[in-house]
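Residue numbers (the working numbering): 3 to 227.
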């Protein structure tokens with residue numbers, strides 16, 4: 003079957019390095035993971051042959067790479083907690099401080115990201131609430147194999163992931179698509195570098211949950227239901 007007939011989420015799950023390609027072309031493989039590659043390319047007006055060539059040229063998975071689709075629930079949850087939950091809690095406070103600094107010093111610059119600090123603060127609060135729900139309710143249920151009762155919390159987490167996706171889209175609008183003025187100061191450069199890192203991390207975080215952890219829990223609920 004052509005790659006065009008696979009969903010973005012499935013390709014991100016099954017092809018090592020596909021997420022880098024999707025980041026390059028700004029294809030939403032996390033919240034929009036159900037979308038077929040053909041549909042996503044048509045919506046963005048992208049050259050299908052070019053994108054497929056990039057995907058097909060990716061190296062095969064190294065033996066040292068972890069296939070999270072086969073890693074098991076406990077291992078994946080441990081990875082999510084260490085690699086994403088802990089990291090987001092460090093990323094966002096620093097970005098909020100940088101955004102306040104840039105908005106204060108460069109408020110007269112037409113490219114100044116007015117309102118960015120406030121938006122990042124809201125993102126931080128919403129993400130913290132979301133992660134606590136996972137840590138205190140959903141993840142313990144999944145570790146115990148309570149797949150049927152977990153379906154309600156999973157539905158809520160998926161909806162909140164959609165909200166996170168909208169928040170990421172607003173980051174691009176507030177930063178004028180991350181456009182830096184000529185001679186941008188170090189703080190401004192660090193701010194946009196950090197936001198880009200946050201965006202990549204959060205998209206990968208959501209992908210691992212939506213397309214692997216939650217899908218696996220739903221399959222197991224059907225099998226044991």
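Where a beta carbon is used, it is the ideal one built from N, C-alpha and C, also for glycine.
Ordered along the chain, which non-local residues of its own chain (more than five positions away) have a Cβ less than 8 Å from that of residue i?
{"i": "residue 156", "result": "140, 216, 219, 220"}
{"i": "residue 209", "result": "11, 14, 15, 21, 31, 32, 35"}
{"i": "residue 124", "result": "169"}
{"i": "residue 172", "result": "121"}
{"i": "residue 148", "result": "none"}
Excluding sequence positions up to five away, which residues of its chain have a Cβ less than 7 Å from the Cβ of residue i?
{"i": "residue 39", "result": "5, 6, 8, 10, 13"}
{"i": "residue 206", "result": "21"}
I'd like the span of the alpha helix (DSSP H) that includes residue i, first residue to last.
{"i": "residue 127", "result": "118-135"}
{"i": "residue 58", "result": "50-58"}
{"i": "residue 95", "result": "88-107"}
{"i": "residue 25", "result": "20-26"}
{"i": "residue 79", "result": "75-81"}
{"i": "residue 45", "result": "39-46"}
{"i": "residue 200", "result": "188-209"}
{"i": "residue 14", "result": "10-16"}
{"i": "residue 6", "result": "Residue 6 -> no alpha helix (DSSP H), and no H or E assigned at all."}
{"i": "residue 145", "result": "141-145"}
Going by the beta-carbon positions, is the gap between residue i and residue j smaller than 7 Å?
{"i": "residue 177", "j": "residue 115", "result": "yes"}
{"i": "residue 144", "j": "residue 152", "result": "yes"}
{"i": "residue 90", "j": "residue 129", "result": "yes"}
{"i": "residue 132", "j": "residue 212", "result": "no"}
Apart from the five residues just before and just after residue i, which ones in its own chain have a Cβ nearer than 6 Å to its Cβ?
{"i": "residue 200", "result": "93"}
{"i": "residue 78", "result": "70, 215"}
{"i": "residue 113", "result": "178, 181, 183"}
{"i": "residue 24", "result": "31"}
Is there at least one Cβ from chain C nearer than 7 Å to residue i's Cβ?
{"i": "residue 117", "result": "Among the chains in the structure shown there is no chain C, since it carries only a single protein chain."}
Any chance you could list the alpha helix (DSSP H) runs of at least 4 consecutive residues sitting entirely within the stretch 151-184, in chain order? Listed in chain order, the alpha helix (DSSP H) runs fully inside the stretch 151-184 are 153-176, counting runs of at least 4 residues.
Is the number of C-beta pairs between the stretch 45-54 and the stretch 184-191 that are closer than 8 Å three or more? Flag = no, the stretch 45-54 and the stretch 184-191 do not touch.
Do the stretch 85-100 and the stretch 165-173 touch if we need at least three Cβ pairs shorter than 8 Å? With contact defined as three or more Cβ pairs closer than 8 Å, the stretch 85-100 and the stretch 165-173 are not in contact.
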